[in-house]
Amino acid sequence: METRKVQLSGGTTYTVSLPKKWAQEHGIGSGSVLALHPSGDGSLLIEATTDRSCMEQGVTVDISTLSETALRQRILALHAVGFDTVTLRDNAGNGHQKARIVEEILRKLSGFELLEVSEHRIKLTNLIDAQNVDIKKSVRRLRLVTLAMHRDAISAVIHN
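Residue numbers (full-length UniProt numbering): 1 to 160.
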């Protein structure tokens with residue numbers, strides 16, 4: 001058994017490193033997709049995936065307690081990872097209020113569209129087929145998003 005120290009990354013995400021030998025044995029590198037299976041006993045099963053099936057299935061994220069900044073970061077991360085469907089769950093019933101923030105974020109992202117909004121759920125979908133993406137445009141867009149994130153980070157440091 002190996003142990004790892006949990007690190008807080010960006011103020012909202014917990015990060016744990018993977019053992020290099022295990023990652024290499026399973027063909028895992030930067031950008032690889034891992035399936036996480038939480039258990040009721042506190043354990044977490046990490047499974048190496050070999051295809052995009054979990055990306056196509058999508059992901060559900062609880063945004064009930066996220067601040068506006070954390071919500072922005074979460075959506076940007078989910079977009080960057082490449083999920084085709086994202087369901088944002090808000091148990092507090094503020095779905096319509098948070099949908100306005102989500103719409104603002106989506107204006108800066110290529111491909112993601114707001115599909116459905118209710119008090120407790122916001123559903124996003126990616127309309128872009130990865131086979132038909134203009135790489136130059138995507139890199140320019142990524143640059144703009146990165147610059148905006150950098151500006152937000154600087155602003156957060158200065159004002160907090």
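Every residue, glycine too, gets a C-beta built ideally from N, C-alpha and C. All values derive from a computational prediction rather than experimental measurement.
If the criterion is Cβ atoms closer than 8 Å, does the pair residue i and residue j meet it?
| i | j | result |
| --- | --- | --- |
| V117 | V86 | no |
| I75 | V102 | yes |
| E47 | P19 | no |
| A156 | I122 | no |
| L115 | T125 | yes |
| L88 | I63 | yes |
| G95 | E119 | yes |
| G58 | D84 | yes |
| G111 | I128 | yes |
Does DSSP put residue i in a helix, a strand or coil?
| i | result |
| --- | --- |
| I122 | strand |
| R89 | strand |
| V61 | strand |
| V145 | helix |
| V117 | strand |
| T3 | coil |
| L109 | coil |
| G95 | helix |
| I28 | coil |
| L66 | coil |
| D152 | helix |
| L71 | helix |
| L18 | coil |
| L127 | coil |
Taking the beta carbon of residue i as the centre, do at least 16 other beta carbons fall within 10 Å, making it buried, or is it exposed?
| i | result |
| --- | --- |
| H79 | buried |
| A148 | exposed |
| L71 | buried |
| D90 | buried |
| Q7 | exposed |
| W36 | Going by the sequence as given, residue 36 is Leu instead of Trp. L36 is exposed by the Cβ-count criterion. |
| Q73 | buried |
| L144 | exposed |
| L45 | exposed |
| L66 | buried |
DSSP beta-bridge partners for residue i?
| i | result |
| --- | --- |
| E47 | A35 |
| T13 | S9 |
Does residue i get closer than 8 Å to chain B when you measure Cβ to Cβ?
| i | result |
| --- | --- |
| H26 | Going by chain labels, chain B is absent from the structure shown, which holds only one protein chain. |
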